[in-house]
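In the working numbering, the protein residues as written are 1149 to 1320.
Written out as structure tokens, the structure reads:
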């Protein structure tokens, strides 16, 4: 494995599990696929813990199609726009840049990225949240503004903003 895979394996596999994806899915609560089409199947889902969460992110064809997975999972997400719960990095844009530019941030740090993720998640109100709506739509106009606001706040909080906060607030 290359150094990135080595690091990932060392830091994300506390039980030192080995084998194929089919072997290590037994009793798993979550499958996070970032690989290739058709990597897992219904038999794999049946071996998982009760009510598993499956993020099959290979695009355009996920690791398992939602139609196949639906009877066996509590939550299903893909990178595709033609299914519920599309996970797409477009949700953080243009909000991250708008927030960073508003305060003239010298960098986009981890705290700003985490703030963006929380803003995206918080866009969905508790009364809206359900298995087929865990991620806001890429067309939800609330997302960019929420992300921008939280990213800017994180920049001020972490000291990377180069514009005085009072100045920014006067010109909103």
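Virtual Cβ for every residue (Gly too), placed ideally from N, Cα, C. Keep in mind it's a predicted model, so treat the numbers as computed, not measured.
(Q) Beta-carbon within less than 6 angstroms of residue 1301's beta-carbon, same chain only, minus the 5 sequence neighbours each way: which residues are those? (A) Position 153 of the chain shown holds residue 1301. For residue 1301, where only same-chain residues beyond five positions count, there are no Cβ hits under 6 angstroms.
Q) Quick one: Cα of residue 1214 to Cα of residue 1312, how far? A) Taking the first residue of the chain shown as 1, we reach residue 1214 at position 66. Taking the first residue of the chain shown as 1, we reach residue 1312 at position 164. Each residue's Cα considered, the two are about 48 angstroms apart.
Q: Less than 8 angstroms between the CB atoms is what I'm expecting for residue 1232 and residue 1281, so what's the real figure, rounded?
A: Counted from its first residue, the chain shown places residue 1232 at position 84. Counted from its first residue, the chain shown places residue 1281 at position 133. Confirmed, Cβ separation roughly 7 angstroms.
Q: Just the C-alpha distance for residue 1198 and residue 1190, rounded to the nearest angstrom, thanks.
A: As a working mapping, residue 1198 is identified with position 50 in the chain shown. As a working mapping, residue 1190 is identified with position 42 in the chain shown. Using only the alpha carbons, I get a separation of about 14 angstroms.
Q.
Using C-beta distances below 7 angstroms, list every residue in its chain close to residue 1283, excluding the 5 sequence neighbours before and after it, in chain order.
A. Translated into positions along the chain shown, residue 1283 becomes position 135. Closer than 7 angstroms at Cβ, skipping near neighbours: 1225, 1233, 1234 and 1235.
Q) How big is the Cα-Cα spacing for residue 1306 and residue 1257? A) Locating residue 1306 in the chain shown gives position 158, where the first residue counts as 1. Locating residue 1257 in the chain shown gives position 109, where the first residue counts as 1. One C-alpha to the other measures close to 9 angstroms.
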